[in-house]
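A short write-up of the structure that comes next.
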Amino acid sequence: MIELVSDDRCIGCNLCVKVCPTNVFDKTAHAPVIARQEDCQTCFICEAYCPVDALYVSPYTDEAVDVDEETLAADGVLGSWRATLGWGPGRTKLAAVDQTPFINRILPPRPVRAAGISDAGSPTG
């Protein structure tokens, strides 16, 4: 659930307001306000799009938690989802470090059945 919009870090770009699928934020003259926290789906989209790591989304979806901005910043938690994704200057995208062979990342081909033959191999009629 969204827990924090940092007034110190926020640049007022309102990307979080624009990308939130449940309209959790209200625009203000500077930093958006968490106006409908209970509507947060914990999708982390706002945190991922924040260009200055000014948001914190807690992984707890069903309850608000007490957060301390200084502690979150010191622990490197502010914007940590964005960092995990590799979004932002100086970060490596997850796709760039994925070592899974390409063939394992695509779906296997569907089996081809002859017309008029059931899955059990007997003629349909």
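Residues in the sequence shown are numbered from 24 upward in steps of one, following this note's numbering. From the three backbone atoms N, C-alpha and C, an ideal C-beta is built for every residue, glycine too.
State yes or no: is the C-beta of residue i within less than 8 angstroms of the C-beta of residue j?
{"i": "residue 62", "j": "residue 55", "result": "no"}
{"i": "residue 109", "j": "residue 76", "result": "no"}
{"i": "residue 27", "j": "residue 92", "result": "yes"}
{"i": "residue 79", "j": "residue 95", "result": "yes"}
{"i": "residue 84", "j": "residue 24", "result": "yes"}
{"i": "residue 111", "j": "residue 105", "result": "yes"}
Residue i: buried (16+ other C-beta within 10 angstroms of its C-beta) or exposed?
{"i": "residue 88", "result": "exposed"}
{"i": "residue 90", "result": "exposed"}
{"i": "residue 34", "result": "exposed"}
{"i": "residue 70", "result": "buried"}
{"i": "residue 114", "result": "exposed"}
Just curious, the alpha helix (DSSP H) that residue i is in, first and last residue?
{"i": "residue 42", "result": "38-42"}
Could you check how far apart the C-beta atoms of residue i and residue j are, in whole angstroms? I think they sit under 8 angstroms.
{"i": "residue 64", "j": "residue 44", "result": "7 angstroms"}
{"i": "residue 42", "j": "residue 57", "result": "Residue 42 to residue 57, Cβ: 14 angstroms. No contact."}
{"i": "residue 74", "j": "residue 36", "result": "6 angstroms"}
Between which two residues does the beta strand (DSSP E) harbouring residue i extend?
{"i": "residue 34", "result": "Residue 34 -> no beta strand (DSSP E), and no H or E assigned at all."}
{"i": "residue 28", "result": "25-28"}
Inset, instruction - Please list the segments of the beta strand (DSSP E) lying wholly inside the stretch 57-108, counting only runs of 3 or more residues, in order along the chain. - result: 78-80
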